[in-house]
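Using numbering that gives the first Met the number 0, you'd call the opening residue of the sequence shown number 0 and step up by one each time. Just so it is clear, CB atoms sit at the ideal spot from N, CA and C, and this is done for glycine as well. Note that the structure is predicted; figures quoted are calculated from it, not measured. To keep things clear, I will list the structure first and then write my remarks on it.
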Amino acid sequence: MRLDVIAAGMFDFDRKIDRANTGSLKWNKYAGKDILPLWVADMDFASAPAIVDAIKARADHGIAGYTLPYAEVEQAALDYLSRVHGYEAQREWLTWLPGLVPALNVVSRAFGEPGDAVMTCTPVYPPFLSAPVWQGKELITSPLKLEDDRWTFDFDDMEAKVTPRTRVFILCSPHNPVGRVYTRKELERLAEFCLRHNLILCSDEIHCDLLFGESKHIVTATLSKEIEQRTITLMAPSKTYNVPGLCCSYAVIANPKLKAQFALAARGMITEVNCFGYAACAAAYNEGEPWRKELMAYLTANRDTLYQFLDTKVPEIKARPMEATYLAWLNIEGLRALGCENPHKLFEDFGLGLSRGSDYGDDNFVRLNFGCTRATLNEALVRMEKAVASLR
């Protein structure tokens, strides 16, 4: 093997892959338009070779029938939880799912009666806001607050808003879109809040392996045996290994009563995971770590490129430090100060498609996905600079 290949890494994250005519949700949104899509949480990188090989091997079997979770994939998930996150889960705690958005709806349906409440903190991934409403529950939102330039829970606000009919708290950890990796102290205080108010804690931890620097993710259920017994942990390899289209996720529920309630609410609504999703999951957890490490090095450089650009070229747009995810949460109040009423539309007019902050609960922001090639990111930043220059 050439020494320059070793120095550069084993995997080519600079390779441009044409996603046109593949039904890509991300790229089809602006089909036929010169707009770069940096919105939905879907990276433009080829999956790890080990995952691709596993999918090919499964296809070579020739039969893609209904598939139950099997020993290899279950053990891969359990080994991963133990090895990476120190969570000693058991096989009977696992519930396999075709996605975490359905899981949020199942949780909202499973606990409490119609008209009871579900609480979460904003800004947050939009299905956190829609699932309770769709399942006939009241939605209670508590805005995150800034402390020392970091987003964190506003426990005073949460205490003021929680009601006797609140049944569930849905946590995003690491938090999408603000990029926080919560500390043990923060999570312990949240756990105490849930215990005191008798809340089920649903902890969506899908971004837990997309960590920058020395950030350390703590699986919420590992805080104590008491909180483990009222926690539903949601996990998937999809964001880290860029396989969301394979629809393979799982819930970890240690409390058999909660697991039974979850299963009852899911009855007739949740289908089997497809066979290729299971194969990809096992390969990701068993063989994907070298690819993940190089991915994080590439994403770190992308993040630093973005932040340096904002500091030097468009100081009107602010970004606070982020500790996880490839989704930058950009404050655009400075553009409104320049007279721009609709920054999201401005960016689209200049060929850049971002996520609307209003969908996450705060219209003063947009979300930018930098899970793309460096060339795509650099072109996007050129367009962003031109958009902002048009206001000056």
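TODO: Count the CB pairs spanning the region 134 to 146 and the region 300 to 311 that are closer than 8 Å, and state whether there are at least three.
DONE: no
Item to complete: Go ahead and pull the three-state DSSP assignment for Ile16.
Response: coil
Check whether the Cβ atoms of Leu222 and Cys201 lie closer than 8 Å to each other. no
Next item on the list: Specify the secondary structure class of Met268 as computed by DSSP and reduced to three states.
Entry: coil
Contact set for Arg164: own chain, Cβ-Cβ below 6 Å, skip 5 residues either direction
Asp115 and Ala116
Legend entry - Secondary structure, alpha helix (DSSP H): runs of 4+ residues fully inside the region 232 to 284: Listed in chain order, the complete alpha helix (DSSP H) runs (minimum 4 residues) inside the region 232 to 284 are 237 to 240 and 255 to 265.
Proximity winner among Arg166, Val242, Pro173 and Gly111, relative to Ala281 (alpha-carbon distances):
Val242
Alpha helix (DSSP H) runs wholly inside the region 166 to 212, at least 4 long, in chain order:
183 to 195
Our contact map puts Thr324 next to Gly178 with C-beta atoms below 8 Å; I'd like the distance itself, whole angstroms only.
5 Å
Which term fits Gln307, buried or exposed, when burial requires 16 or more other beta carbons within 10 angstroms of its beta carbon? exposed
Touch check for the region 31 to 49 and the region 356 to 374: three-plus C-beta pairs under 8 Å? yes
Q) With DSSP run on the structure shown, which of helix, strand or coil describes Glu146? A) strand
Can the beta-carbon of Phe192 be found closer than 8 Å to that of Ile231?
no
- Looking only at its own chain, which residues have a Cβ that is under 6 Å from the Cβ of Leu233, when we skip the five neighbours before and after it? Leu99, Ala102, Asp203 and Ala250
| task | May I ask you to report which of helix, strand or coil DSSP gives Gly352? | result | Here Gly352 sits in strand by DSSP.
With Met157 and Ser141 assumed to form a contact (beta carbons below 8 Å), what rounded beta-carbon distance in angstroms separates them? 5 Å
Requested in this report: May I have the straight-line CA-CA distance separating Leu423 from Leu380, to the nearest angstrom?
Outcome: Residue 423 cannot be examined here, being either before or after the span of the chain that is shown, 0 to 391.
request  = Tell whether a beta-carbon distance below 8 Å holds between Ser248 and Leu96.
outcome  = yes
- Item | Through-space distance from Met118 to Asn363, alpha-carbon basis | 22 Å
- [ ] Go ahead and pull the three-state DSSP assignment for Lys317.
- [x] DSSP places Lys317 in strand when its eight states are reduced to three.
### Span separating the alpha-carbon of Val4 from that of Lys292
Because Val4 carries a pLDDT of 38, less than 50, the predicted location of this residue cannot be relied on, and the following value inherits that uncertainty. About 16 Å.
| Does the region 104 to 114 come within contact of the region 334 to 353, defined as at least 3 CB pairs closer than 8 Å? | no
- Task: Report the rounded CA-to-CA distance for Phe44 versus Cys207, giving the unit in angstroms.
- Result: Those two C-alpha atoms are separated by around 19 Å.
Review point. Just reading off the beta strand (DSSP E) that Arg366 is part of, what are its end residues?
Key: Phe364 to Asn368
Original post:
What do you reckon, are the CB atoms on Asp361 and Thr121 nearer than 8 Å?
Top reply: yes
Alpha-carbon spacing of Pro438 relative to Tyr284, whole angstroms: For the chain, the structure presents residues 0 to 391; residue 438 sits outside this window and is missing.
Based on the DSSP output, what are the partners of Leu294 in its beta bridges?
The partner list for Leu294 (beta bridge, DSSP) is empty, contrary to what the question assumes.
Open item on the list: Quick check on the burial criterion: 16 or more other C-beta atoms within 10 angstroms. Buried or exposed for Gln89?
Closed with: exposed
_Residue from Leu326, Pro255 and Val218 whose Cα sits closest to the Cα of Leu80_ = Val218
Residues near Tyr124 by beta carbon distance below 8 Å, same chain, minus five either side:
For Tyr124, where only same-chain residues beyond five positions count, the Cβ hits under 8 Å are Cys171, Asn175, Pro176, Asp203 and Tyr359.
Where does Thr299 sit, in a helix, a strand or coil, going by DSSP?
helix
Exercise. Pick from Ala388, Trp290, Leu390 and Gly350: whose alpha carbon is nearest that of Thr375?
Worked result: Here the closest residue by C-alpha is Gly350.
Quickly, what does DSSP pair Leu120 with across the bridge? List them, please. In the sequence as presented, Leu is not what sits at residue 120; that position holds Cys. Looking at the DSSP assignment, Cys120 forms a beta bridge with Ser141.
TODO: Name the residue from Cys274, Arg391, Glu378 and Leu309 whose alpha carbon lies nearest to the alpha carbon of Ile62.
DONE: Among Cys274, Arg391, Glu378 and Leu309, the Cα nearest to that of Ile62 belongs to Cys274.
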